[in-house]
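Residue numbers (my numbering): 2 to 217. Let me begin by presenting the structure, written as structure tokens, before commenting on it.
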Amino acid sequence: MELPRIIVPPCFVSDPSILTEWRYEKRHEAQMVLPGLWLGPMSVLRNADFFETNNVRLLVAVTRPERAESLFRKAGLDPQRFETHCLDPGPINSPLAGHQIISQMAWLMTLFEKAAQLGVGTLMFCETGNDRSATATCAMVMNSMGWDTVRSIQYVQSKRFSVALDESLKYNLQTYEDICSANMVVRNSDGVNGVEKHARKVSGQEGERSSKRSCE
């Protein structure tokens, strides 16, 4: 199946100093994308200073479960201090690669929001930090900021320049954008209905009071 191409123009960088500060070595580090949300490669697991400095306690590996289990075991993370999870991206060499990422976004956003409420940071990572975990991070940005696919990808790329999504990953992000848009329509509709119900209730109460006064 041939997927439609999604053109993502070069990202807009609000702070030009980021361009001069980016070095090849930064590919091996994690970058903050949103407050409390970090994106990076699996090598960050060896950087204890990163976790302490940024108070990161929630780790989500976007890779196969057996791979995630091995990575967390080798990292020797204290289960009393760190919460670890695996987001299985499903088959990668497929036109629909990343579909499983999108299907688990409600669960992922719940984890992230819970961590934020507790005041701790979240690290999203995969082998490189440039594709699968970047896809999940773009979807999180889309959900949090209400942006479309292109703007969300551009924003994440402006934080981590090495991010590179293939057409299948972008296609699934486009699908998630449609889901977010539909959910927003439902929420807005519920809000309008709620206002209308409240207005009718108030109107009914006023009518009852008027009726009582006329009887008196």
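Here a beta-carbon is modelled for each residue, glycine too, at the ideal position from N, C-alpha and C. Note that the coordinates shown come from a computational prediction; the quantities given were computed from them, not determined experimentally.
Report the residue ranges of all beta strand (DSSP E) runs contained in full by the stretch 120-162; include only those spanning at least 3 residues, in chain order.
Listed in chain order, the complete beta strand (DSSP E) runs (minimum 3 residues) inside the stretch 120-162 are 122-127.
Skipping 5 residues on each side, what residues in its chain have a beta carbon closer than 6 Å to that of phenylalanine 73?
The count along the sequence shown starts at 1 and reaches residue 73 at position 72. The residues are Thr85.
Could you tell me which residues DSSP pairs with alanine 62 in its beta bridges?
Taking the first residue of the sequence shown as position 1, residue 62 is located at position 61. Bridge partners of alanine 62: Cys87 and Phe126.
Roughly how many whole angstroms lie between the Cα atoms of proline 66 and phenylalanine 126?
As a first step, residue 66 must be located in the sequence shown, where it is residue number 65. As a first step, residue 126 must be located in the sequence shown, where it is residue number 125. So the alpha carbons of these two residues sit roughly 13 Å apart.
What is the rounded straight-line gap between the Cα of arginine 58 and the Cα of alanine 49?
Numbered from 1 along the sequence shown, position 57 holds the residue referred to as residue 58. Numbered from 1 along the sequence shown, position 48 holds the residue referred to as residue 49. Their Cα atoms are separated by approximately 11 Å.
Between Cys139, Asn131, Val45 and Glu22, which lies nearest to leucine 124 when the distance is taken from Cα to Cα?
As a first step, residue 124 is located in the sequence shown; it is residue number 123 there, counting from the start. Comparing C-alpha distances from leucine 124 to each of Cys139, Asn131, Val45 and Glu22 shows the shortest one belongs to Val45.
By a C-beta neighbour count over all protein chains shown, 10 Å radius and 16 as the cutoff for buried, is asparagine 56 buried or exposed?
Counting from 1 along the sequence shown, the entry for residue 56 is found at position 55. Label assigned to asparagine 56: exposed.
Are three or more beta carbon pairs between the stretch 152-166 and the stretch 124-144 nearer than 8 Å?
yes
Measure the C-alpha to C-alpha separation of glutamate 306 and threonine 150 and round it to an integer number of angstroms.
Not covered by the structure: residue 306. The range shown for the chain is 2 to 217.
Cβ of leucine 109 within 8 Å of Cβ of leucine 78?
Along the sequence shown, read from residue 1 onward, the residue named residue 109 stands at position 108. Along the sequence shown, read from residue 1 onward, the residue named residue 78 stands at position 77. No; because the gap between Cβ atoms is not below 8 Å, this pair is not in contact.
Check for me: the alpha helix (DSSP H) holding glutamine 101 runs from which residue to which?
Walking along the sequence shown from the start, residue 101 turns up at place 100. Start and end: 100-104.
Determine the DSSP secondary structure at tryptophan 108, reduced to helix, strand or coil.
As a working note, residue 108 is residue 107 in the sequence shown. Tryptophan 108 falls in the helix class under three-state DSSP.
The beta strand (DSSP E) spanning glutamine 32 covers which residue range?
For the purposes of this step, residue 32 is taken as residue 31 along the sequence shown, with counting starting at 1. Residues 32-35.
What did DSSP end up calling valine 196 once you bin it into helix, strand or coil?
As a position in the sequence shown, residue 196 is number 195, starting the count at 1. Note that valine 196 scores 47 on pLDDT, short of 50, meaning its location in the model is unreliable and no value can be drawn from it.
By a C-beta neighbour count over all protein chains shown, 10 Å radius and 16 as the cutoff for buried, is aspartate 167 buried or exposed?
In the sequence shown, residue 167 corresponds to position 166, counting from 1. Burial call: exposed.
Quickly, what does DSSP pair glycine 41 with across the bridge? List them, please.
Translated into positions along the sequence shown, residue 41 becomes position 40. Per DSSP, Phe126.
Could you tell me the distance, in whole angstroms, from the CA atom of asparagine 184 to the CA atom of glycine 122?
What you label residue 184 is simply residue 183 of the sequence shown in a count that begins at 1. What you label residue 122 is simply residue 121 of the sequence shown in a count that begins at 1. Going from the Cα of asparagine 184 to the Cα of glycine 122 covers about 26 Å.
Could you tell me if methionine 146 is buried or exposed, where buried requires 16 or more neighbouring beta carbons within 10 angstroms of its beta carbon?
The residue labelled residue 146 in the question sits at position 145 within the sequence shown. Exposed: under 16 other Cβ atoms inside 10 Å.
Going by DSSP, name the residue or residues bridged to valine 57.
Counted from its first residue, the sequence shown places residue 57 at position 56. According to DSSP, which records beta bridges pairwise, valine 57 is partnered with Gly122.
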